[in-house]
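Trainee: Residue numbers (UniProt numbering): 1 to 188. Using N, Cα and C, we set each Cβ at its ideal position, and we do this for glycine too. Let me give you the structure first, and then I'll get to my questions.
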């Protein structure tokens with residue numbers, strides 16, 4: 001089967017309609033049908049065969065059947081799954097609504113595909129520091145094992161919401177959300 005037929009078959013199996021619940025991809029176990037030339041760039045742009053997918057509705061549709069397995073990222077339907085490449089995280093948090101302060105603070109992120117997620121113990125924040133540049137890459141868990149890279153502009157806005165807290169025997173600068181503290185930078 002050619003790669004275009006694989007994508008056409010996937011599209012035919014995609015759920016239709018806006019505002020519906022996400023499909024239960026975690027419970028689907030179809031056979032693996034190989035990799036396709038689809039890639040999600042670090043900035044959240046989806047590509048197919050080297051060209052950007054410029055239809056937001058199609059990107060949103062594909063994002064609803066995305067899953068991260070032990071082998072990597074796959075698009076999955078009840079009858080087949082195909083592998084795709086993800087440069088960093090599959091989603092990018094492009095906005096954040098901040099309510100409250102400190103322990104009462106709630107951070108609600110919106111991704112480039114329209115998902116919203118409140119950071120809390122079930123949807124933690126984490127920050128990875130690049131060892132060569134010392135630049136932070138902040139993430140929030142969106143669903144299952146799928147994370148969003150928090151856009152740099154959003155992260156800079158969140159710096160204003162950080163507080164110093166004692167955490168695991170040290171003082172950390174970090175963020176509160178949903179009753180949980182997320183350490184960002186240790187203060188020695």
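Output needed for residue 186: all residues of its chain with C-beta closer than 7 Å, excluding positions within five of it in sequence on either side, in chain order.
Mentor: Cβ neighbours of residue 186 beyond the five flanking positions: 170 and 172.
Trainee: What separation, rounded to the nearest whole angstrom, lies between the Cα atoms of residue 17 and residue 48?
Mentor: Interpretation of residue 17 is limited by its pLDDT of 49, a score under 50 that renders its predicted location unreliable; the figure taken from the coordinates is listed afterwards. Each residue's alpha carbon lies about 23 Å from the other.
Trainee: Using DSSP with H/G/I as helix, E/B as strand and the rest coil, what is residue 158?
Mentor: Helix at residue 158.
Trainee: Given this structure, state the Cα-to-Cα distance separating residue 97 from residue 83, to the nearest angstrom.
Mentor: Near 33 Å, if we compare the C-alpha coordinates of residue 83 and residue 97.
Trainee: Consult DSSP for residue 60 and reduce its assignment to one of helix, strand or coil.
Mentor: Reduced to three states, the DSSP call for residue 60 is helix.
Trainee: My assumption, with CB atoms under 8 Å, is that residue 78 sits in contact with residue 30. Please give the rounded CB distance.
Mentor: 6 Å between Cβ atoms; contact.
Trainee: Cβ atoms of residue 154 and residue 139: under 9 Å apart, would you say?
Mentor: No. Outside cutoff.
Trainee: Taking one C-beta from the region 65-78 and one from the region 115-127 each time, how about it: are there three or more such pairs within less than 8 Å?
Mentor: Not touching, per the Cβ criterion.
Trainee: So which of 126, 99, 144 and 158 has the shortest CA-CA distance to residue 63?
Mentor: For residue 63, the nearest C-alpha among the options comes from 144.
Trainee: Between residue 137 and the rest of its own chain, which residues show a CB-CB distance below 6 Å, the 5 nearest in sequence each way excluded?
Mentor: Closer than 6 Å at the Cβ level, and outside the excluded window around residue 137, lie 128.
Trainee: Could you spell out the range, first to last residue, of the beta strand (DSSP E) harbouring residue 83?
Mentor: Taken as a continuous stretch (DSSP letters only), the beta strand (DSSP E) holding residue 83 covers 81-86.
Trainee: Which class does residue 113 belong to by DSSP, given the choice of helix, strand or coil?
Mentor: Coil at residue 113, not helix or strand.
Trainee: Please classify residue 177 as buried or exposed, where buried requires at least 16 other C-beta atoms within 10 Å of its C-beta.
Mentor: By the 10 Å Cβ count, residue 177 comes out buried.
Trainee: Return the CA-CA distance between residue 111 and residue 103, expressed in angstroms with no decimal places.
Mentor: Cα to Cα, residue 111 sits roughly 24 Å from residue 103.
Trainee: Within its chain, find whatever has a CB closer than 6 Å to the CB of residue 88; leave out the 5 residues flanking it on each side and keep chain order.
Mentor: These residues qualify, in order along the chain: 42 and 149.
Trainee: Consult DSSP for residue 186 and reduce its assignment to one of helix, strand or coil.
Mentor: If DSSP states are grouped into helix, strand and coil, residue 186 belongs with the strands.
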